[in-house]
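Asker: Dropping a structure here in structure tokens format, bear with me for questions.
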Amino acid sequence: MFVINVMHTSMGFRIEVPVRVIELAILKFAEDNLHAPKMGRDHGRITVEKGDAYYVHVPSMNWFYFHKDYFHRIKQIVLNTAIEYNKQVEVKEHTYQRGEPYKCEFDNYGFQMEVTDPESRFYYQNEVVEKALDPLYLQIIFAIQTGRGKTKSAQKVMVKRGVRTVLIHRPTYVAKWKFDCIDDETGLRVDEKHVYVAQGTQGIYDLIEDGRTGKLDKMGIKVVILPTVSLFNFMKEAIATMASSPVNFESFYDDIGAGQVVYDEVHEHFLLVYLSGILLNPPYSLEMSATLKPGAAKKFIADRYLERFPMRFRVSVPYIPVVDIRGLYYSIDDPSFIRRVGRMSPYNHKLFEQQLIKHKLEDSYFSMVFDIMKRSFLDKYEPGQKALVFFSLVEMCVAFTKYVKHRLRNGDGPSGLTVAKYNAGDSYDEFIAADIGVSTPGKAGTAIDIPGLVVAIVTIAIDDRQLNEQIAGRPREVTKWDLTPKVFFLHCSEMPKHLQYLASRQESLKEVVKSFLTSFSPYVIRKTHASSSFSGSAPTAVSRFKSIKPSRKGFTGLPGRRGRRR
1 MFVINVMHTS MGFRIEVPVR VIELAILKFA EDNLHAPKMG RDHGRITVEK GDAYYVHVPS
61 MNWFYFHKDY FHRIKQIVLN TAIEYNKQVE VKEHTYQRGE PYKCEFDNYG FQMEVTDPES
121 RFYYQNEVVE KALDPLYLQI IFAIQTGRGK TKSAQKVMVK RGVRTVLIHR PTYVAKWKFD
181 CIDDETGLRV DEKHVYVAQG TQGIYDLIED GRTGKLDKMG IKVVILPTVS LFNFMKEAIA
241 TMASSPVNFE SFYDDIGAGQ VVYDEVHEHF LLVYLSGILL NPPYSLEMSA TLKPGAAKKF
301 IADRYLERFP MRFRVSVPYI PVVDIRGLYY SIDDPSFIRR VGRMSPYNHK LFEQQLIKHK
361 LEDSYFSMVF DIMKRSFLDK YEPGQKALVF FSLVEMCVAF TKYVKHRLRN GDGPSGLTVA
421 KYNAGDSYDE FIAADIGVST PGKAGTAIDI PGLVVAIVTI AIDDRQLNEQ IAGRPREVTK
481 WDLTPKVFFL HCSEMPKHLQ YLASRQESLK EVVKSFLTSF SPYVIRKTHA SSSFSGSAPT
541 AVSRFKSIKP SRKGFTGLPG RRGRRR
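Residue numbers (UniProt numbering): 1 to 566.
This is the structure we're talking about:
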């Protein structure tokens with residue numbers, strides 16, 4: 001008789017399989033059904049290969065970890081295989097018994113716990129906070145649009161629950177969350193010595209040790225920040241070395257005395273979010289995202305979303321459109337560039353920008369972006385207003401930041417404006433305070449709230465519904481000025497993929513923006529032959545845009561060739 005032990009946790013289960021044929025049967029099911037499809041190439045042909053696994057197999061221990069939705073299927077595989085191979089098995093089920101978390105008070109917060117104005121766009125917070133505190137829910141998902149105060153809602157839950165809280169988010173948001181928890185006068189205002197940031201694999205092993213020895217309690221730690229990359233690497237290493245250095249995943253949060261886990265932007269690094277749920281046995285989780293709708297082409301991921309973020313645990317409120325979108329087509333007068341970039345398969349905008357630099361088109365390109373910013377922002381500037389420009393490459397961010405500073409010094413805008421880029425190693429505080437920000441979508445396209453942002457210029461052509469919604473949601477509703485924030489999406493009219501991507505953006509965003517208009521602009525990008533950057537030879541943008549009414553069928557091509565432009 002073989003005993004097969006199952007440990008049930010909050011979001012998944014661990015099954016120990018001491019019978020090789022049963023282990024292989026389970027593995028076959030997992031490999032056939034729980035690997036994300038990945039595009040590959042075979043002698044020039046595009047193929048579909050097995051990608052990331054949404055389960056965990058620990059061969060050294062004969063263990064599997066699955067989401068709890070798969071328990072009955074896995075149990076049936078065990079029993080059927082045992083009968084087929086004449087094995088006597090008994091399945092024993094166990095449920096993890098959780099310990100008491102570290103209790104603490106967040107008693108210095110700088111916000112009102114209850115919104116009293118029924119007309120406020122944040123009035124909904126009263127209801128969702130109470131729902132998050134309902135003991136019937138061990139998981140709650142704030143599926144609420146950007147700019148509606150999800151962070152403040154989560155902080156109110158932290159205050160009311162009064163337990164040590166773990167924050168899980170991308171490394172790029174560490175500075176943002178430290179500011180929200182420590183320095184923001186309208187935030188939690190926790191003393192910095194009570195916030196613990198565990199960075200790197202060893203940092204998480206140290207965190208566990210500090211929790212087990214009582215050091216975290218002696219330090220009075222209230223908030224633990226776990227960057228997703230560090231957590232993911234820790235889990236991979238722990239799995240690989242389980243036989244020699246066992247880690248008890250089920251007791252992870254008990255070991256560090258945590259009673260609540262807050263995930264920010266759960267659609268990002270989704271593999272980590274999914275696996276950490278089934279591995280680490282979160283005690284109570286509050287998860288946030290404005291975009292829990294993967295594109296139609298991502299059926300596998302959409303199915304995993306329904307497992308990890310069940311509809312019954314999602315909390316949403318009516319969407320309030322805030323921004324106007326302007327999709328602008330521009331031209332590139334360089335046949336060799338068009339031929340080179342047009343051959344890319346699949347399309348990659350980083351390579352597009354690399355080719356702009358290689359073909360010496362960046363000065364002319366920057367001239368166009370600056371002219372759009374000048375017309376939409378600089379010429380109408382009022383103190384407190386801000387603009388944000390996105391590129392794909394850090395190199396482009398660096399160069400455009402220098403370009404803008406050069407133009408402003410030459411009088412092409414109000415005096416005294418500050419410009420800051422935000423890439424790895426840059427100051428979050430300086431970026432937030434700057435009048436003009438330059439960054440990449442991965443760094444500032446999500447989770448970053450820039451007060452006073454009224455114009456965003458997105459130079460990147462991408463077909464990612466979630467990222468497009470996040471970027472379009474960077475500007476918030478403004479009440480200080482009589483205007484509607486605008487987001488500009490730039491697309492090259494000679495690139496078929498750009499035509500497709502703008503049509504896709506229009507379709508996916510039409511329900512969440514005030515308006516979405518497209519225009520064939522007169523901008524033409526031409527090569528500059530000057531040896532130094534910021535030359536005066538970059539073509540000057542002409543002054544008028546011609547709007548066109550978008551076709552109901554989407555973009556199927558371009559109208560007839562226009563007359564020669566200056």
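Glycine included, each C-beta is placed from N, C-alpha and C at the ideal position. Quick caveat, the model's predicted, so the values are computed rather than measured.
Taking G99 as part of the beta strand (DSSP E), name the residues at either end of that continuous run.
Answerer: Within the sequence shown, numbered from 1, the residue matching residue 99 stands at position 99. No beta strand (DSSP E) holds G99; DSSP gives it neither H nor E.
Asker: On the DSSP bridge list, what partners appear for I372?
Answerer: On the sequence shown, position 372 is the one that residue 372 refers to. None; I372 has no bridge partner.
Asker: Name the residue from Y96, F270 and E507 whose alpha carbon lies nearest to the alpha carbon of D463.
Answerer: Numbered from 1 along the sequence shown, position 463 holds the residue referred to as residue 463. Among Y96, F270 and E507, the Cα nearest to that of D463 is on E507.
Asker: Is it buried or exposed, H349, if we count other Cβ atoms within 10 angstroms and call 16 or more buried?
Answerer: Taking the first residue of the sequence shown as 1, we reach residue 349 at position 349. Per the 10 Å Cβ criterion, buried.
Asker: Give me, in chain order, the residues of the same chain whose beta-carbon lies closer than 6 Å to that of A198; leave out the 5 immediate sequence neighbours on both sides.
Answerer: Taking the first residue of the sequence shown as position 1, residue 198 is located at position 198. Around A198: I204, L207 and L226.
Asker: Would a C-beta distance cut-off of 8 Å place V455 and F400 closer than the cut-off?
Answerer: What you label residue 455 is simply residue 455 of the sequence shown in a count that begins at 1. What you label residue 400 is simply residue 400 of the sequence shown in a count that begins at 1. Against a cut-off of 8 Å, the Cβ pair of F400 and V455 comes out as no contact.
Asker: Which residues mark the beginning and the end of the alpha helix (DSSP H) in which D210 is found?
Answerer: Counting from 1 along the sequence shown, the entry for residue 210 is found at position 210. Per DSSP, D210 belongs to the alpha helix (DSSP H) from T201 to R212.
Asker: Evaluate G413 with the Cβ neighbour count: other Cβ atoms within 10 Å of its Cβ, from every protein chain shown; 16 or more gives buried, anything less gives exposed.
Answerer: Working through the sequence shown from its first residue, we reach residue 413 at position 413. So G413 counts as buried.
Asker: If you drop the 5 nearest sequence neighbours on each side, which residues of the same chain put their C-beta closer than 7 Å to that of F66?
Answerer: One-based indexing of the sequence shown puts residue 66 at position 66. For F66, where only same-chain residues beyond five positions count, the Cβ hits under 7 Å are G12, F13, Y55, I74 and I278.
Asker: The beta strand (DSSP E) with T518 in it runs from where to where?
Answerer: What you label residue 518 is simply residue 518 of the sequence shown in a count that begins at 1. Per DSSP, T518 belongs to the beta strand (DSSP E) from S515 to I525.
Asker: Secondary structure at S245, three-state DSSP: helix, strand or coil?
Answerer: The sequence position of residue 245 within the sequence shown is 245, counting from 1. If DSSP states are grouped into helix, strand and coil, S245 belongs with coil.
Asker: Whole angstroms are fine: how far does the CA of K386 sit from the CA of H491?
Answerer: Along the sequence shown, read from residue 1 onward, the residue named residue 491 stands at position 491. Along the sequence shown, read from residue 1 onward, the residue named residue 386 stands at position 386. Rounded to whole angstroms, H491 to K386 spans 23 Å at the Cα level.
Asker: Verify the contact flag: V195, CB atom, against every heavy atom of the ligand COA, threshold strictly below 7 Å.
Answerer: Among the components modelled here there is no ligand, and therefore nothing to report on the ligand COA.
Asker: Do the segment 349-364 and the segment 180-187 touch if we need at least three Cβ pairs shorter than 8 Å?
Answerer: Result no; under three Cβ-Cβ pairs closer than 8 Å.
Asker: State the DSSP-derived secondary structure class of Y109, mapped to helix, strand or coil.
Answerer: For the purposes of this step, residue 109 is identified with residue 109 of the sequence shown, where counting begins at 1. Coil, per DSSP.
Asker: Which residue comes first and which comes last in the beta strand (DSSP E) that contains M7?
Answerer: Indexing the sequence shown from 1 puts residue 7 at position 7. Where M7 is concerned, the enclosing beta strand (DSSP E) stretches over F2 to H8.
Asker: On the criterion of 16 or more Cβ atoms from any shown chain inside 10 Å, does R465 qualify as buried, or is it exposed?
Answerer: Working through the sequence shown from its first residue, we reach residue 465 at position 465. Burial call: buried.
Asker: Evaluate contact between the segment 102-112 and the segment 127-134, counting only Cβ atoms and requiring at least three cross-stretch pairs below 8 Å.
Answerer: No: fewer than three Cβ pairs fall under 8 Å.
Asker: Quick one: give me the first and last residue of the beta strand (DSSP E) that F66 is part of.
Answerer: The residue given as residue 66 occupies position 66 in the sequence shown. From DSSP, the beta strand (DSSP E) with F66 extends over W63 to H67.
Asker: Looking at M288: is its Cβ nearer than 8 Å to the Cβ of Y305?
Answerer: Numbered from its first residue, the sequence shown carries residue 288 at position 288. Numbered from its first residue, the sequence shown carries residue 305 at position 305. No; because the gap between Cβ atoms is not below 8 Å, this pair is not in contact.
Asker: Residues bridged to P37 by DSSP?
Answerer: Translated into the one-based positions of the sequence shown, residue 37 becomes position 37. Paired residue(s): K50.
Asker: Return helix, strand or coil for H498, following the three-state DSSP convention.
Answerer: Sequence index remark: in the sequence shown, residue 498 carries index 498 (1-based). Helix at H498.
Asker: Between the Cα of A240 and those of K299, W63 and Y196, spot the shortest distance and give me the residue it belongs to.
Answerer: Here residue 240 refers to the residue found at position 240 of the sequence shown. Taking only the C-alpha atoms, the option nearest A240 is W63.
Asker: Is the Cβ-Cβ distance between V317 and P485 less than 8 Å?
Answerer: As a working note, residue 317 is residue 317 in the sequence shown. As a working note, residue 485 is residue 485 in the sequence shown. No.
Asker: Just verifying my parser: in three-state terms, what is the DSSP assignment at S331?
Answerer: Residue numbering aside, residue 331 sits at position 331 when the sequence shown is read from its first letter. Correct three-state label for S331: strand.
Asker: Which residue marks the beginning of the beta strand (DSSP E) containing C492, and which one marks its end?
Answerer: As a working mapping, residue 492 is identified with position 492 in the sequence shown. Taken as a continuous stretch (DSSP letters only), the beta strand (DSSP E) holding C492 covers K486 to C492.
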